[in-house]
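Numbering (my numbering), first residue to last: 142 to 399.
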Ligand code: LHQ
């Protein structure tokens, strides 16, 4: 059985972390596989949205701790530079929206991979834990960049130092994630977001993502310039034309992602 299930459905790439007995923790092979799946999604023009979730009780428990004490464990430098960092940069740079459907506990690198996605939703029973301090590590996988920007510096410090597990509802309340859906309807409700995105003007979503990425470090002046540049590109897409035409003609738009 593959450690990640990968399916393409209705212009959506459905990626399911699949080591349920290890709470979908990553070993090297699984981390490299996720990178190659994301590369496939990036280059496939038919894919217009990505939906990332997990099998079983957990979304992902981060690094497979068993691998660290197994035979020939990968070095720490390799784990970050070859496993997690390339996953985070791929998710942030891919020109398509990534929905993360956190179906259960998200811990360590698993939490921070989830939090770097474009739209993060969670099931009521899901939870988030910056588990690193519990085992004497520091938060990685972009967590020290992402979390303070989502919830503020003080809350991020406390969550990362104490390593408390917080519920999906608390995560939503503090702005860490977008929404919580009931366990019963979680798959359907979360997948609907990907279905909606896959019908939208893909390039405008990609340029929105580029603008948001740039905003993380830009001055207002630089950001206004970035919006100028990207709006120019958006205005030259077929989907912009279709958006305006369909509005004038009072009909639903049919966006093609071009
Ligand atoms: C696991 C794991 C796991 C293997 C649950 N590995 N089996 C970067 C730099 C370099 C090196 C290190 O890593 C990193 C990045 C990181 O991600 S560091 C952080 C690594 N992750 C953790 O420290 C989390 C460890 N797991 C937990 O704290 C708990 O399992 C959580 C809070 C996720 C879930 O707790 P429970 O609901 O009580 O479940 P459980 O502890 O009973 O786990 C269920 C099973 O999953 C169990 O297997 P078993 O055969 O005993 O039933 C665990 O061994 C396995 N599992 N996490 N990371």
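Cβ coordinates follow ideal geometry from the N, Cα and C atoms, glycine included.
Model, not experiment: these values are computed from the prediction.
Express the C-alpha separation of residue j and residue i in angstroms, rounding to a whole number.
{"i": "residue 187", "j": "residue 152", "result": "6 Å"}
{"i": "residue 214", "j": "residue 173", "result": "15 Å"}
{"i": "residue 230", "j": "residue 180", "result": "11 Å"}
{"i": "residue 289", "j": "residue 391", "result": "43 Å"}
{"i": "residue 386", "j": "residue 353", "result": "27 Å"}
{"i": "residue 268", "j": "residue 377", "result": "42 Å"}
{"i": "residue 373", "j": "residue 296", "result": "38 Å"}
{"i": "residue 287", "j": "residue 384", "result": "33 Å"}
{"i": "residue 341", "j": "residue 298", "result": "37 Å"}
{"i": "residue 206", "j": "residue 274", "result": "14 Å"}
{"i": "residue 220", "j": "residue 259", "result": "24 Å"}
{"i": "residue 375", "j": "residue 316", "result": "29 Å"}
{"i": "residue 395", "j": "residue 381", "result": "11 Å"}
{"i": "residue 169", "j": "residue 225", "result": "10 Å"}
{"i": "residue 464", "j": "residue 360", "result": "The question about residue 464 has no answer, for the chain in this structure spans 142 to 399."}
{"i": "residue 310", "j": "residue 171", "result": "29 Å"}
{"i": "residue 191", "j": "residue 329", "result": "15 Å"}
{"i": "residue 343", "j": "residue 253", "result": "25 Å"}
{"i": "residue 324", "j": "residue 293", "result": "28 Å"}
{"i": "residue 356", "j": "residue 189", "result": "23 Å"}
With a 10 Å radius around its C-beta and 16 neighbouring C-beta atoms as the bar for buried, classify residue i as buried or exposed.
{"i": "residue 200", "result": "buried"}
{"i": "residue 388", "result": "exposed"}
{"i": "residue 233", "result": "buried"}
{"i": "residue 350", "result": "buried"}
{"i": "residue 358", "result": "exposed"}
{"i": "residue 331", "result": "buried"}
{"i": "residue 397", "result": "exposed"}
{"i": "residue 318", "result": "buried"}
{"i": "residue 312", "result": "buried"}
{"i": "residue 165", "result": "buried"}
{"i": "residue 393", "result": "exposed"}
{"i": "residue 279", "result": "exposed"}
{"i": "residue 333", "result": "exposed"}
{"i": "residue 184", "result": "exposed"}
Taking residue i and residue j to be in contact with their CB atoms under 8 Å, please state how far apart those CB atoms are, rounded to whole angstroms.
{"i": "residue 240", "j": "residue 193", "result": "7 Å"}
{"i": "residue 338", "j": "residue 238", "result": "5 Å"}
{"i": "residue 202", "j": "residue 163", "result": "7 Å"}
{"i": "residue 327", "j": "residue 264", "result": "4 Å"}
{"i": "residue 145", "j": "residue 158", "result": "6 Å"}
{"i": "residue 271", "j": "residue 301", "result": "5 Å"}
{"i": "residue 379", "j": "residue 399", "result": "4 Å"}
{"i": "residue 371", "j": "residue 348", "result": "4 Å"}
Can you tell me which of the options puts its alpha carbon nearest to the alpha carbon of residue i?
{"i": "residue 262", "options": "164, 237, 314", "result": "314"}
{"i": "residue 223", "options": "268, 191, 204", "result": "204"}
{"i": "residue 182", "options": "305, 272, 147, 273", "result": "147"}
{"i": "residue 256", "options": "284, 302, 244, 236", "result": "284"}
{"i": "residue 217", "options": "282, 243, 272, 191", "result": "282"}
{"i": "residue 306", "options": "279, 340, 266", "result": "266"}
{"i": "residue 177", "options": "370, 235, 252, 293", "result": "235"}
{"i": "residue 322", "options": "221, 302, 244", "result": "244"}
{"i": "residue 167", "options": "191, 190, 208", "result": "208"}
{"i": "residue 304", "options": "324, 277, 381, 317", "result": "277"}
{"i": "residue 196", "options": "369, 143, 258, 364", "result": "143"}
{"i": "residue 320", "options": "371, 242, 211, 294", "result": "242"}
{"i": "residue 160", "options": "293, 360, 198, 185", "result": "198"}
{"i": "residue 251", "options": "184, 293, 175, 191", "result": "175"}
{"i": "residue 246", "options": "344, 308, 293, 294", "result": "308"}
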